[in-house]
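What follows is one structure encoded as structure tokens, with my remarks underneath.
There are 2 protein chains.
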Amino acid sequence: MDKIKILVTDDHPMVLEGMQTMLSQIGFVVITGLARNAYEAMELIKANLPHIVITDISMPEISGIAFAAKIKNEYPGVKIIAMSTFNERSYISQMVQNGASGYILKSAAKEEIEEAILTVYEGKLYMSVELELNKKEQQEINKIPILTSREKEVLALIAEGFTNPQIAAKLFVSPYTVDSHRKNLLTKFEVNNTAGLIKLAAKYGLV
Amino acid sequence: MDKIKILVTDDHPMVLEGMQTMLSQIGFVVITGLARNAYEAMELIKANLPHIVITDISMPEISGIAFAAKIKNEYPGVKIIAMSTFNERSYISQMVQNGASGYILKSAAKEEIEEAILTVYEGKLYMSVELELNKKEQQEINKIPILTSREKEVLALIAEGFTNPQIAAKLFVSPYTVDSHRKNLLTKFEVNNTAGLIKLAAKYGLV
DNA sequence: GAAAAAATCACCTGAAAAAGGGATTGATCA
DNA sequence: TGATCAATCCCTTTTTCAGGTGATTTTTTC
């Protein structure tokens, strides 16, 4: 079979180096590019159209989250594997929201990266095993609701402390509409008031 | 002159790989070991006595901070360069307290690592230039309100999504009392509704 | 032992949110 | 082409919240 084309994006040269070394030891992949930021990466994607983009989550300028959205928008076929350090797993949900198919830690060993690439290449979802410290968290991730873009907007404004009328004015829609979105948010998050909503949203890194 | 002997400690294999590649490109250094944790590192220090130990700050089991103290205690002559990601710079002072002579970010390029090694080897202090943007951060930390224990209780229950009457029942007090606490919380956090309250509380790690 | 802070309780008002119902339009997709 | 979903809008009732004002009783602190 053809080799799986991979592009790696990370603002840390050290991580790029490490990734390059590791990936070069995997027979079935070929590195089509190493980028230090989303701009460079977009150029390289345009030039080479990789199968999979492995990207860091926290990068200056354009974050991995925004980057993922951009990729999915312009190249829906490209799979994305998010990469982060341990203490950033609150962003998992955001990455998944924005189209990531996999999530690995920077502490991942070669074998895990290999598995992640294969799994994602087959169209499945790969979540780092080191993430499942317990079953509860795993279950929780599956519980993270998928929000529409409008719902995300409304959620963000609610979190900022705006009331329905204020939000309605900002979005140029009727307060009734905002109320609908709000109700849908409560339903999706399975909570019964704003406090629970914001707490969960904060937990999942959505606000 | 003799080459500068360096040992690198990091729990992320990728970072070790990257460091190895980078350091091997610097003429005047030689890697005497790569360790994934403080235990391994102590063994390697014993065996080879490096001039400089470059260590990650956040590691499981023994943190970089404790590790630095250990090194300085047993091998006072060994210089230490702390390494971290961007969002950990609050630990700088602790590392310096514990004997680190240098601080670099994992995003450092080869040239900076080179400079850091030379500077530290000469007995001087090296601080990554990229660190200085924390006046706002400092201010924000000072803004975190001091809550009474009762307020913390109430805040936690609000965050759980309970209403004032429910909280009152749980705490065996009047709903009026809960309401008072709630209002004090809003005042202390300088917000005007629950959404803002929970968002801030989540940000500060209080819920 | 006095002063300050924390915790408690009370009442009122008006605004907002929650919970319930339903309806229309347009886009997307199988 | 029929189904689904997102986004929009509408209505009512009940409950909760936010803002204000004021007071008493513990507990802590100086």
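Chains A and F, in that order, give the protein sequences. Going by my numbering, the first sequence opens with residue 1, and the numbers climb by one from there. Going by my numbering, the second sequence opens with residue 208, and the numbers climb by one from there. Don't be surprised by glycine CBs; every beta carbon is placed ideally from N, CA and C. Note that the structure is a prediction, hence the values are computed from the model and not measured.
Identify, in the order they occur along the chain, each residue of the same chain with its Cβ nearer than 7 Å to the Cβ of residue i, setting aside the five sequence neighbours on each side.
i	result
A:D11	R36, N37, D56, M59, P60
A:R150	H181
F:P283	none
Report the neighbours of residue i on chain A: residues whose CB is nearer than 9 Å to its CB, in chain order.
i	result
F:G240	Within chain A, no residue comes near F:G240; the closest Cβ sits about 17 Å away, beyond 9 Å.
Which residues of chain F have a Cβ atom closer than 8 Å to the Cβ of residue i, listed in chain order?
i	result
A:N193	G368, T370, T401
A:P13	G225, M229, S314, A315, A316, K317
A:I6	None at all; the shortest Cβ gap to chain F is about 14 Å.
May I have the straight-line CA-CA distance separating residue i from residue j, to the nearest angstrom?
i	j	result
F:A402	A:E160	7 Å
A:I123	A:S63	Per the sequence shown, residue 123 of chain A should be read as Gly rather than Ile. Those two C-alpha atoms are separated by around 24 Å.
A:Q25	F:E224	12 Å
A:A108	A:I81	13 Å
F:Q373	A:G33	57 Å
F:T370	A:V178	22 Å
F:I311	F:I320	7 Å
A:Q3	A:G27	At residue 3 of chain A the sequence reads Lys, which differs from the Gln that was named. Cα to Cα, the separation comes out at about 8 Å.
A:L186	A:N192	6 Å
F:M226	A:M14	6 Å
A:M83	A:A69	15 Å
F:V355	A:L197	Residue identity check: residue 355 of chain F is Thr in the sequence provided, not Val. Straight-line Cα distance between these residues: approximately 25 Å.
A:L7	F:E281	44 Å
A:I31	A:N48	10 Å
A:N184	F:G306	54 Å
A:V29	A:L23	7 Å
F:K317	A:Y126	33 Å
A:L133	A:I92	Only weak support is given to the placement of A:L133: the predicted model assigns it a pLDDT of 49, under 50, and the value that follows is read from those uncertain coordinates. One C-alpha to the other measures close to 14 Å.
A:K5	A:I71	15 Å
F:Y383	A:I146	38 Å
A:L118	A:I144	25 Å
A:P50	A:Q97	21 Å
A:K46	F:K253	51 Å
Can you pull the chain F residues whose beta carbon is under 7 Å from the beta carbon of residue i, in chain order?
i	result
A:T85	T292
A:K3	The premise fails here: A:K3 is roughly 21 Å from chain F at the closest Cβ pair, so nothing lies under 7 Å.
A:K199	A366, I405, A409, V414
Kindly list the residues whose CB is nearer than 6 Å to the CB of residue i, restricted to its own chain and excluding five residues on each side of it in sequence; keep chain order.
i	result
F:T292	K313
F:K286	I259, S308, V327
F:L364	I374
A:L44	L7, G33, A35
A:K199	none
To which residues of the same chain is residue i closer than 8 Å at the C-beta, ignoring the five residues directly before and after it?
i	result
F:F274	T216, A245, A248, T262, M266
F:T228	none
A:A201	L155, A159, F189, V207
F:E360	L378
F:S201	With chain F covering only 208 through 414, there is no way to say anything about residue 201 of chain F.
A:S174	A168
A:Q94	I65, Y204, G205, L206
Which chain A residues are close to residue i, counting only those with a beta carbon under 8 Å from its beta carbon?
i	result
F:I374	In chain order: nothing, as chain A lies at least about 11 Å away.
May I ask whether a heavy atom of the ligand ATP can be found less than 7 Å away from the beta carbon of residue i?
i	result
A:L206	In terms of ligand content, the structure shown is empty, and the ligand ATP therefore cannot be addressed.
What residues in the region 229-259 of chain F bring their beta carbon closer than 8 Å to a beta carbon of chain A?
-> M229
Chain-ordered residues of the region 65-80 of chain A with a beta carbon less than 9 Å from chain F = Residues of the region 65-80 of chain A with a Cβ closer than 9 Å to any Cβ of chain F: none.
Note down, one range per segment and in chain order, each beta strand (DSSP E) of at least 3 residues found wholly within the region 208-258 of chain F.
-> 211-216, 236-242
4 or more residues per run - each alpha helix (DSSP H) lying fully within the region 112-199 of chain A | 135-143, 149-159, 164-171, 175-189
Any alpha helix (DSSP H) of 4 or more consecutive residues that is wholly inside the region 259-286 of chain F | 271-281
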